[in-house]
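J.: To convert, take the position in the sequence shown, counting from 1, and add 17; that gives my numbering.
Before I ask anything, let me first share the structure, which is written out below as structure tokens.
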Amino acid sequence: MEYKILLLEDDVSLIEGLTYSLHKNGYIVDAAQTVRRAFDYLQKETYSLLLLDMTLPDGTGLDVCSFVREQGNNVPIIFLTAMDEEVHIIRGLDSGADDYITKPFKLGELCSRIRALLRRSGMSEDEGTNQISSGPVTIDLLGGRADFHGQPLDLTGAEYRLLCLLVRNAGQTVLRSTILDALWDGNGNFVDDNTLSVYIRRLREKIEEDPSSPRHLLTIRGFGYTWRG
18 MEYKILLLED
28 DVSLIEGLTY
38 SLHKNGYIVD
48 AAQTVRRAFD
58 YLQKETYSLL
68 LLDMTLPDGT
78 GLDVCSFVRE
88 QGNNVPIIFL
98 TAMDEEVHII
108 RGLDSGADDY
118 ITKPFKLGEL
128 CSRIRALLRR
138 SGMSEDEGTN
148 QISSGPVTID
158 LLGGRADFHG
168 QPLDLTGAEY
178 RLLCLLVRNA
188 GQTVLRSTIL
198 DALWDGNGNF
208 VDDNTLSVYI
218 RRLREKIEED
228 PSSPRHLLTI
238 RGFGYTWRG
């Protein structure tokens with residue numbers, strides 16, 4: 018799945034650094050240096066997430082956040098703030114922002130927060146839906162179980178979350194970084210690259226007739242995995 022981010026920031030060097038890093042993490046980025054330019058982008062494009070600086074030459078990120086929320090748009094919003102902008106942080110959260118990060122920040126931390134928000138927003142797409150299906154797999158979201166050709170799958174918690182993530186994004190490439198972040202349960206049970214490879218292999222053994230030549234859970238070399246229903 019391709020995610021498109023709108024970056025509102027007037028610091029040219031920061032724009033260059035963020036754009037480069039976000040591109041490397043698989044995101045498409047539009048950068049605006051003024052509030053007016055951000056409004057122009059928002060009228061023409063649909064974004065997966067907004068990164069908004071607080072203070073711009075012609076206004077503030079609060080103006081953009083308030084406008085977006087008044088339109089009924091629930092796109093995730095992260096504010097980029099300076100250390101001494103506590104009042105602005107409170108105002109930003111009150112105006113509908115989802116998160117903030119203070120400058121200077123580590124790019125790894127920012128990307129982690131972006132992935133977490135995108136995962137949460139993607140999960141919300143299933144609200145009101147008790148079941149998702151793709152090809153031979155049917156997932157009961159309320160019951161927390163999955164069937165393969167009508168037969169129950171014996172899955173661990175991590176395998177179930179992995180299968181849900183892939184089936185939700187059927188036909189799209191899910192980055193390894195996105196999967197790793199989704200499988201980390203927040204209780205210190207961190208999943209690394211090697212463990213993910215083990216999960217993929219075990220899942221294939223349960224859903225593929227020939228795990229060595231998979232038809233459904235495919236590897237996109239250098240990027241991640243995709244589900245073909």
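Using N, Cα and C, we set each Cβ at its ideal position, and we do this for glycine too.
Just so we're clear, the structure is a prediction, and the values are computed from it rather than from any experiment.
In the structure shown, what three-state DSSP assignment does Asp80 receive?
T.: To locate residue 80, count along the sequence shown from 1; it is residue 63. Helix, per DSSP.
J.: Go through the stretch 29–110 residue by residue and report every complete run of the beta strand (DSSP E) that reaches 3 residues or more, in order.
T.: 44–49, 66–70 and 94–98
J.: I'd like to confirm the pairing. Which residues does DSSP put opposite Phe165 in its beta bridges?
T.: Start at 1 with the first residue of the sequence shown, and residue 165 comes out as number 148. BP columns for Phe165 point to Val154 and Gln168.
J.: Pull up the distance between the alpha-carbon of Phe165 and that of Val154, whole angstroms please.
T.: In the sequence shown, residue 165 corresponds to position 148, counting from 1. In the sequence shown, residue 154 corresponds to position 137, counting from 1. Distance between the alpha carbons of Phe165 and Val154: 5 Å.
J.: In terms of residues, what are the limits of the beta strand (DSSP E) holding Asp116?
T.: To locate residue 116, count along the sequence shown from 1; it is residue 99. Its beta strand (DSSP E) spans residues Asp116 to Thr119.
J.: What are the uninterrupted segments assigned as alpha helix (DSSP H) that are 4 or more residues long and contained completely in the stretch 185–242, given in chain order?
T.: 193–200 and 210–224
J.: Count the other CB atoms within 10 Å of the CB of Thr195; is the residue buried (16 or more) or exposed (fewer)?
T.: Residue numbering aside, residue 195 sits at position 178 when the sequence shown is read from its first letter. Answer is buried; the Cβ neighbour count reaches 16.
J.: Assuming Ile217 and Leu180 make a contact with CB atoms under 8 Å, what is their CB distance in whole Å?
T.: Against the sequence shown, residue 217 aligns to sequence position 200. Against the sequence shown, residue 180 aligns to sequence position 163. Cβ-Cβ separation between Ile217 and Leu180: approximately 11 Å, too far for a contact (criterion under 8 Å).
J.: Tell me whether Glu26 is buried or exposed, calling it buried when 16 or more other Cβ atoms sit within 10 Å of its Cβ.
T.: Counting from 1 along the sequence shown, the entry for residue 26 is found at position 9. Glu26 is buried by the Cβ-count criterion.
J.: What's the call for Arg245, buried or exposed, on a 16-neighbour Cβ count within 10 Å?
T.: Counting from 1 along the sequence shown, the entry for residue 245 is found at position 228. That one is exposed.
J.: Let me check one thing: in DSSP terms, what residues is Tyr20 bridge-paired to?
T.: In the sequence shown, counting from the first residue as 1, residue 20 sits at position 3. Beta-bridge pairing links Tyr20 to Tyr44.
J.: Thinking C-alpha only, which one of Arg232, Leu68, Glu225 and Phe240 is nearest Asp210?
T.: Counting from 1 along the sequence shown, the entry for residue 210 is found at position 193. For Asp210, the nearest C-alpha among the options comes from Phe240.
J.: How about Arg238 and Pro231: do their beta carbons lie closer than 7 Å?
T.: By 1-based counting over the sequence shown, the position of residue 238 is 221. By 1-based counting over the sequence shown, the position of residue 231 is 214. Cβ distance not < 7 Å, so Arg238 and Pro231 don't count as in contact.
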